[in-house]
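This report concerns only the one structure given below.
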Amino acid sequence: MNETSLEFRHDVQDTCDRYLDMFPDETERLSTLQHYLHDSSVDLRLRSTIPEGHLCASGILILPGDKILMLEHKSLGIWVVPGGHYDLEDGELFQTAIRETTEETGLTVPIKLHPWHLQYGIPLDIDTHPIPQNDKKGEGAHQHFDFRYVLVVEDPAQVVTQLALDANEVTNYAEVPIAEVSPASSIASAVRKLNLLTTALSID
Numbered sequence: 000m001n002e003t004s005l006e007f008r009h010d011v012q013d014t015c016d017r018y019l020d021m022f023p024d025e026t027e028r029l030s031t032l033q034h035y036l037h038d039s040s041v042d043l044r045l046r047s048t049i050p051e052g053h054l055c056a057s058g059i060l061i062l063p064g065d066k067i068l069m070l071e072h073k074s075l076g077i078w079v080v081p082g083g084h085y086d087l088e089d090g091e092l093f094q095t096a097i098r099e100t101t102e103e104t105g106l107t108v109p110i111k112l113h114p115w116h117l118q119y120g121i122p123l124d125i126d127t128h129p130i131p132q133n134d135k136k137g138e139g140a141h142q143h144f145d146f147r148y149v150l151v152v153e154d155p156a157q158v159v160t161q162l163a164l165d166a167n168e169v170t171n172y173a174e175v176p177i178a179e180v181s182p183a184s185s186i187a188s189a190v191r192k193l194n195l196l197t198t199a200l201s202i203d
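0 is the number of the first residue of the sequence shown in numbering that gives the first Met the number 0; add one for each residue after it.
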């Protein structure tokens, strides 16, 4: 393992440790990710790391009226928030969330981390979810270790009018009230925390 990979692994482990300091009940939820972070033979930065899985990041973009932006994922056929695979050029995982949100929405306005992340230095949510085998991409079944961040723009009222969705990844969009996100949604765990942290996040 090269020095860059080792340093990144330590940074992710440190993020997970600080995350669990705030959300100690999620130790079991992060157990698979923690296992691979301690396995030097597994490089979670690479999307070729299959079947173990790889790192991803998502952006929960806040819209007016206590809503979030959700996209209909083309290949999975489900509603998700913008997000995708970590690239080595991203450097840090929050940059992946910003890059993927920019690419999938086509927004040209600056997208930034919510100040809550700057204060605490952790994602709002870390999720592990299975990805089915995709014969078209030549990918076997694997896992995504998804680091989720709350994102903001200077004028959120203009987001929908400026959308230029990436047709290769996305088929539709929706402005979804936080209170109406289904408990079965892939981002339900993150949304529960949004509801708990409304005051701290100042999203009204």
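Each residue gets a CB set at the ideal place from its N, CA and C atoms; glycine is no exception.
- Is there contact here, the stretch 44 to 54 with the stretch 84 to 95, by at least three beta-carbon pairs under 8 Å? Three or more beta-carbon pairs drawn from the stretch 44 to 54 and the stretch 84 to 95 are found closer than 8 Å, and the two stretches are therefore classed as touching.
- Task: Look up Cys55 in the DSSP assignment and give the residues it is bridged to.
- Result: Within the sequence shown, the letter at position 56 stands for residue 55. Looking at the DSSP assignment, Cys55 forms a beta bridge with His84 and Asp145.
- Item | Where Glu6 falls, given that 16 or more other Cβ within 10 Å makes a residue buried | Stepping through the sequence shown from its first residue, residue 6 is reached at position 7. So Glu6 ends up on the exposed side.
- Helix, strand or coil: which one does DSSP assign to Asp16? On the sequence shown, position 17 is the one that residue 16 refers to. Residue state, collapsed to three classes: helix.
- Task: Inspect the beta-carbon positions of Glu99 and Pro114 and report whether they are closer than 7 Å.
- Result: Sequence index remark: in the sequence shown, residue 99 carries index 100 (1-based). Sequence index remark: in the sequence shown, residue 114 carries index 115 (1-based). No; because the gap between Cβ atoms is not below 7 Å, this pair is not in contact.
- Specify, as a first and last residue, the run of the alpha helix (DSSP H) that Ile97 falls within. Translated into the one-based positions of the sequence shown, residue 97 becomes position 98. Leu92 to Thr104 is the extent of the alpha helix (DSSP H) around Ile97.
- Could you have a look at Pro155 and say whether DSSP puts it in helix, strand or coil? Stepping through the sequence shown from its first residue, residue 155 is reached at position 156. Note: Pro155 maps to helix in three-state DSSP.
- Message: Can you tell me whether Val180 is helix, strand or coil according to DSSP?
- Response: In the sequence shown, counting from the first residue as 1, residue 180 sits at position 181. If DSSP states are grouped into helix, strand and coil, Val180 belongs with coil.
- Query: Which term fits Ala163, buried or exposed, when burial requires 16 or more other beta carbons within 10 angstroms of its beta carbon?
  - Reply: Your numbering for residue 163 matches position 164 in the sequence shown. Label assigned to Ala163: exposed.
- Give me the Cα-Cα distance between Tyr172 and Tyr35, rounded to the nearest whole angstrom. Residue numbering aside, residue 172 sits at position 173 when the sequence shown is read from its first letter. Residue numbering aside, residue 35 sits at position 36 when the sequence shown is read from its first letter. So the alpha carbons of these two residues sit roughly 34 Å apart.
- If you follow the beta strand (DSSP E) that Thr127 is part of, which residue opens it and which one closes it? Position 128 of the sequence shown, counting from 1, holds the residue named residue 127. Note, Thr127: beta strand (DSSP E), Asp124 to Ile130.
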